Amino acid sequence: MTIRRYTQTSFTQGEVGSFIKGRAELGIYRAGLETCENFLLLPQGGLDKRRGFKFISSNLDSSTLADGSTSITTGSFHSQSRLIPFKFGEGQEYVLIFEPADSTISSTAKIHVYYLDSRVAVLTNGVDGNVFDITTDNISEIRFAQTFDVMIMTHKDFNPIQLVRGSQHTDWSIGNLTFDFLPLANFSFATDLTPSAKTGSISLTLSNGNYTWVNASYPNGHVDMRVRLNAGLCKITAIDSTNLVATATVEEELADTQTAGGNEWEITAFSNLNSTRGGGYPRSLTFHQNRLVFGGSRDKPQTIFASQSGDFFNFKPTTRVVSGSSTTGEITDDAGFTFTIASDELNIIKHLISQQSLFIFTSDGEFDMSGEPITPSNVLIRQQTRYGISTGTSEPKVVDNETMFVDKSNKQLRAFVYNFNTDAFSAKNYSLVHHTMLTNATQIEYLKNYKDTNTNYVVVVNDGDLCVMGINVEREVVGWTRWTTNGTFKQIVEVDDSLYCLVERTNGLFLEKLTTDDVYLDCHHTSSSTSSSYTGANGLQGQTVKVIANGNTHADITVTAAGNFTLSEVSSNTQIGYGYTSTAKTLPITFNLGNSLVSGEKVRKLFAELQMHKSKSAKVDNKTVSFRTLGSGLLDQPIAEFTGIKRIRLNGYTSQPQVTIQVDEPLAFTLLSLTTECNFSTGKYARG
């Protein structure tokens, strides 16, 4: 009989894919698991049962009954609501819930503003001068960027809007963005344009094409739009009845009165004009090198529009110069500019990220725009990789020195990062170790400094679960774990180093927050009042849920339709919510015998030794680990935290020995290492 011990001291690779099972010689194998669910990967090597999500809001108000009691009627946010962060400064960070208009649910769009987990304001479209046309059709494609207390939001089908925070947490307003000068663009209409003079009031005549002026005011027509041709600039003031001739006022003198070909004149880039006339609005935006930069528009999907330096709302491509009676425009380094990506396929710009360069994420590839600083004369855009970014709300996130994004397959998390060896950017794959972890990723978020872990986490919404990647780029620590819940994770956002979620439960869509407290229940409520009867369990109405009372597990209870519940004992520390099970299953254990790794031989599992830290509950291969010492008066006391080694007897013969650890009670558990003791009782290895 030969007894062998296998010790796993690190779980930093988390759950790995099935293709790794045959690579026992790899370090990934030695630090990986077949299943890792509802755990947090610690960079030091251990596993920590994840904390629960605290109930914050269900978008409703309590109603007072005739007898004076409070009844909670189940409420919900719209199922397509979206979470957006508003970060003004330290101590001034807000969670925004954008709730779209929907004729079947709510005819009016709303923005809910939360500060320190309390709703401080609600903006309603069309009320108090607030204007924002957010619907179920456009909400997922809205992009945003913020400067100080102003957030600008864009979508290809509506005028950019700005959300402004006033002097108080409760003071907010929203409306259309006002430009000092709108960008100009050439739409290749194949129609010539001839000016009648170089200065003053002139006519602009269209010819040799089917384009016509629209006799309406901007943004629905050409009146008040600007036209740039022959090195000059003019503003349309009227359209005659033929719609081929416009009257315009020259603002910067034209060089001559020559006819400008179809590719030689520009008009205002953003408008309500249809695609045959050139219009639409910007798709994405960011602030880069002291400029406001728009990425693409409905009808110019591959074009970058950059404002003048230091003047965010002025996109004028020239600087005005007055000499005597002549006014001309010169292109200077601080002038605005437009630049269209030239590529062999359509690359619709979806996201812009300002880093050492401007990173441009498109439907079919990743680009960078370089220049130190960027000026109209030195703009250079180069395609670096060809993966493309996913649609919807999955925005890139900067993690350390890498920009992570979900590619268009929705199955791979990649990092856009500079490679010194190739002197170019690459998009390395963080999904390679577990190739099936992501199946339909829809959003990513970056959670920094969570609790006392000294590491960071990338959180991905994937088919209703959260796939959480522990990452330390410097130490090359990367591993995946999957978080499940009694419901569906829909949206996530990081605000003030906290992770907020919109979670779809049986009763509706709720705002919840990942707690840092030692609470292991989802959609949970806590109370420190001494009682056996409680009210206000919002979000849990009519549900049978788990309870921790005075540190002990209590029998499951059912919450009434009014949000009330009663315990079988008086409790001064009560936690109530949905339970979840944390599961860690090892990869098939292999042993070093001689100079080779042995697997596939029949072995008998004898013992498992768990080195734990401040733990209260666990099962090993479905055997309950004891954390109580029997004695008088102890059973009604909270379970004491245990730090040390527990030895558990196992049984069963198998050719692929694995150990499964589960925590199905809402109690603490941290695993630092696992040692499995096995017996080779037959075959050639028994003679060892």
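Quick note: the sequence shown uses my numbering, first residue 3, plus one each step. We put the CB at the ideal spot given by N, CA and C, even for glycine. What you are looking at is a predicted structure, and each value in this text was computed from that prediction instead of being measured.
Below 8 Å, is the gap between the Cβ of residue i and the nearest heavy atom of the ligand FMN?
i    : result
H437 : The ligand FMN is absent from the structure shown, which contains no ligand whatsoever.
What does the Cβ neighbour count give for residue i, buried or exposed, with the cut at 16 atoms within 10 Å?
i    : result
K616 : exposed
T9   : exposed
A68  : Since pLDDT at A68 reaches only 47, below the 50 mark, its modelled position is unreliable, and no value is offered.
V216 : buried
R7   : exposed
I391 : buried
F339 : buried
F422 : exposed
N188 : buried
E92  : exposed
E17  : buried
N464 : buried
N222 : exposed
Q1   : There is simply no residue 1 to check, as the chain begins at 3 and stops at 690 in what is shown.
P375 : exposed
Y655 : exposed
G70  : Below a pLDDT of 50, predicted positions are generally treated as unreliable, and G70, at 48, falls in that range; the measurement from the model is reported next regardless. Looking at its Cβ environment, which holds fewer than 16 other Cβ atoms inside 10 Å, G70 is exposed.
A563 : exposed
F21  : exposed
S65  : Residue confidence is low: S65 scores 43 on pLDDT, short of 50, so the model does not pin down where it sits. Its coordinate-derived value is still stated next. Exposed, by the Cβ-count rule.
G131 : exposed
Q545 : buried
G565 : buried
R507 : buried
Terminal residues of the continuous beta strand (DSSP E) containing residue i?
i    : result
I663 : T662 to V665
A250 : V247 to E254
F296 : R293 to S299
H290 : P284 to H290
G91  : R84 to G91
K492 : T490 to V497
W485 : V479 to W485
V463 : N458 to N464
G579 : T576 to Y580
Q310 : Element bounds for Q310: n/a, residue is neither H nor E.
F57  : F55 to S59
Is residue j closer than 9 Å to residue i when the C-beta atoms are compared?
i    : j    : result
G472 : L43  : yes
L231 : S209 : no
E332 : K399 : no
D336 : S311 : yes
T568 : S534 : yes
S198 : T259 : yes
I550 : A620 : no
R630 : I641 : yes
I241 : F146 : no
S261 : T249 : What sits at residue 261 in the sequence shown is Thr, not Ser. It is not a contact, given that the beta carbons lie outside the stated cut-off.
K2   : Y389 : Given that the chain is displayed from residue 3 to residue 690, the structure contains no residue 2 and the question cannot be resolved.
N127 : I136 : yes
L513 : N212 : no
F100 : S78  : no
M227 : S273 : yes
K318 : D182 : yes
T678 : I559 : no
Between which two residues does the alpha helix (DSSP H) containing residue i stretch?
i    : result
I473 : Looking at the DSSP string, I473 is not in any alpha helix (DSSP H); the run it does join, the beta strand (DSSP E), is D467 to N474.
I591 : It is not in any alpha helix (DSSP H) - I591 carries neither H nor E in the DSSP assignment.
G29  : G29 to R32
Between residue i and residue j, how many whole angstroms is the CB-CB distance? I'm expecting something under 8 Å.
i    : j    : result
Q386 : A344 : Rounded, the Cβ-Cβ distance is 15 Å, inconsistent with contact.
K515 : Y502 : 5 Å
F307 : P185 : 4 Å
T588 : V661 : 5 Å
V247 : T207 : 5 Å
P284 : G297 : 7 Å
V381 : S396 : That pair is no contact at about 27 Å.
I30  : V479 : Going by Cβ atoms, the distance from I30 to V479 rounds to 12 Å, so no, they are not a contact pair.
F57  : H556 : 18 Å between Cβ atoms; not a contact.
V133 : G202 : With a Cβ gap of about 37 Å, V133 and G202 do not count as contacting.
F55  : V505 : 7 Å
Looking at the C-beta of residue i, does it have a partner C-beta in chain B at a distance below 9 Å?
i    : result
Q414 : In summary, chain B is missing from the structure at hand, where a single protein chain is found.
Legend entry - Whole beta strand (DSSP E) elements within the stretch 392-446, 3-residue minimum: The stretch 392-446 contains these whole beta strand (DSSP E) runs: 399-401, 404-408, 415-421 and 426-431.
Legend entry - In chain order, each beta strand (DSSP E) run of at least 3 residues that lies wholly inside the stretch 508-555: If you keep only unbroken beta strand (DSSP E) runs of at least 3 residues inside the stretch 508-555, you get 510-516, 524-529, 533-536 and 546-551.
Inset, instruction - Could you name each continuous beta strand (DSSP E) segment of 3 residues or more that falls completely within the stretch 106-161, going from the start of the chain to the end? - result: Fully contained in the stretch 106-161 are the following beta strand (DSSP E) runs of length 3 or more, in chain order: 112-117, 120-126, 145-149 and 152-157.
Legend entry - Unbroken stretches of the beta strand (DSSP E), 3 residues or longer, contained in the stretch 165-235: Unbroken beta strand (DSSP E) stretches of 3 residues or longer found wholly inside the stretch 165-235: 174-178, 194-197, 203-209 and 228-231, given in chain order.
Inset, instruction - Would you mind listing the alpha helix (DSSP H) stretches within the stretch 600-655 that are 4+ residues and don't spill past its ends, in chain order? - result: Taken in chain order, the stretch 600-655 contains no complete alpha helix (DSSP H) segment of 4 residues or longer.
Inset, instruction - For the stretch 312-353, list the alpha helix (DSSP H) runs that are entirely contained and at least 4 residues long, ordered along the chain. - result: Runs of the alpha helix (DSSP H) inside the stretch 312-353: none found.
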